[in-house]
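See structure below.
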């Protein structure tokens with residue numbers, strides 16, 4: 001049985017440590033949890049005491065577990081699983097780090113058979129959203145993009161307008177989050193560690209939505225499936241010249257990296273994206289055009305890399 005793993009991310013000072021401590025205090029009695037951090041000091045708790053209380057705390061030597069040199073992380077994870085055999089693992093990357101590299105390691109050969117990535121929870125301070133100093137930082141943007149669950153922490157310190165701005169900001173994110181919430185003092189609901197979204201559907205059960213003027217369809221692909229970026233770009237450009245299609249948007253794994261493709265106003269853009277949960281496609285067409293959704297699905301299948 002695989003060990004469930006959660007990442008608790010967020011920028012410096014957002015309250016990740018407090019949230020982890022609260023989760024540990026409310027874990028099921030007798031359960032064996034582990035926490036992987038950059039340094040014990042970031043957690044602010046005594047490792048020996050935690051071990052006696054059913055929690056093992058480990059650090060990755062050498063600083064940031066998000067860096068491109070991922071060998072220390074692999075070694076730490078392998079050693080932790082061998083020595084502790086935890087029933088759940090929480091990972092807290094540094095607030096200045098990019099957690100995408102951690103996810104890539106968790107899904108790599110040798111670890112994917114033992115670890116199951118559950119929700120990535122990102123904490124944000126809603127007071128920072130209007131501050132360009134934070135919004136312009138790539139790491140800040142990527143932490144939010146990567147999250148399955150987005151939480152506004154320190155809600156008791158924010159104004160109603162700041163909380164409303166957070167809700168509006170979260171509502172326009174793509175792909176949509178499994179959950180958006182507001183809390184104070186890092187008090188996360190433990191159920192959020194494993195919560196799933198009805199939007200996380202299989203390819204064979206594509207989601208559709210119709211209005212009088214438009215009809216929409218969506219597909220979700222396994223993160224193990226790899227797409228050819230050149231073929232994706234050609235397909236999206238063909239859709240840009242198709243009068244039936246109004247909008248198309250998707251995130252796709254293209255190897256170690258992921259891409260966001262966006263078709264709007266007849267223009268196709270492709271850009272790197274931090275999202276890692278799954279590949280997905282959403283298409284909006286004119287309702288009266290009678291677009292063949294089966295053909296869309298078939299053409300998407302031709303963009304998959306058979307050798308991956």
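In this note's numbering, the protein residues as written are 1 to 308. Built from N, CA and C at the ideal position, the CB exists for glycine as well.
Quick check: the stretch 177 to 188 against the stretch 214 to 221, are there 3 or more CB pairs under 8 Å?
no
Near residue 55, what residues of its chain come up, given a Cβ to Cβ distance below 6 Å and the 5 sequence neighbours on each side ignored?
Reading the chain shown from its first residue, position 55 is the one you call residue 55. Correct list, in chain order: 24, 33.
If you follow the beta strand (DSSP E) that residue 88 is part of, which residue opens it and which one closes it?
Counted from its first residue, the chain shown places residue 88 at position 88. Taken as a continuous stretch (DSSP letters only), the beta strand (DSSP E) holding residue 88 covers 88 to 92.
Label residue 142 either buried or exposed according to how many other C-beta atoms from any shown protein chain fall within 10 Å of its C-beta, with 16 as the threshold for buried.
Working through the chain shown from its first residue, we reach residue 142 at position 142. Classification of residue 142: buried, given that the 10 Å Cβ count is 16 or more.
Applying the criterion that 16 or more other CB atoms from any shown protein chain within 10 Å of the CB defines a buried residue, is residue 274 buried or exposed?
Residue numbering aside, residue 274 sits at position 274 when the chain shown is read from its first letter. Buried, by the Cβ-count rule.
Less than 8 Å between the beta carbons of residue 188 and residue 121, yes or no?
If you number the chain shown from 1, residue 188 lands on position 188. If you number the chain shown from 1, residue 121 lands on position 121. In contact: residue 188 and residue 121 (Cβ atoms closer than 8 Å).
Just to confirm, are residue 139 and residue 227 a CB contact at a threshold of 8 Å?
Mapped onto the chain shown, residue 139 falls at position 139. Mapped onto the chain shown, residue 227 falls at position 227. No, these two residues do not count as a Cβ contact at 8 Å.
Residue ranges of each beta strand (DSSP E) run of no fewer than 3 residues wholly in the stretch 99 to 166, ordered along the chain?
115 to 124, 149 to 152
So who's on the other strand from residue 279, going by DSSP bridges?
Here residue 279 refers to the residue found at position 279 when the chain shown is read from its first residue. In DSSP, residue 279 forms a bridge with 221.
Leaving aside the five residues before and after residue 293 along the sequence, list all residues of the same chain whose C-beta is less than 6 Å from its C-beta, in chain order.
What you label residue 293 is simply residue 293 of the chain shown in a count that begins at 1. Result list for residue 293: 217, in chain order.
What is the C-beta distance between residue 177 and residue 92, in whole angstroms, given that I count them as a contact (C-beta under 8 Å)?
Taking the chain shown and counting its residues from 1, one reaches residue 177 at position 177. Taking the chain shown and counting its residues from 1, one reaches residue 92 at position 92. With a Cβ gap of about 20 Å, residue 177 and residue 92 do not count as contacting.
What would DSSP say about residue 271, mapped onto helix, strand or coil?
Working through the chain shown from its first residue, we reach residue 271 at position 271. In this structure, residue 271 counts as strand in the three-state DSSP scheme.
Sequence-distant residues of its chain with Cβ nearer than 7 Å to residue 237 (five each side left out):
Along the chain shown, one-based indexing puts residue 237 at 237. Same-chain partners within the cutoff: 268.
Drop a sphere of 10 angstroms on the beta-carbon of residue 179, count the other beta-carbons inside from all chains shown, and report buried for 16 or more, exposed for fewer.
Locating residue 179 in the chain shown gives position 179, where the first residue counts as 1. Buried: at least 16 other Cβ atoms inside 10 Å.
Could you tell me the boundaries of the alpha helix (DSSP H) in which residue 246 lies?
Here residue 246 refers to the residue found at position 246 when the chain shown is read from its first residue. Per DSSP, residue 246 belongs to no alpha helix (DSSP H); it is in the beta strand (DSSP E), 245 to 253.
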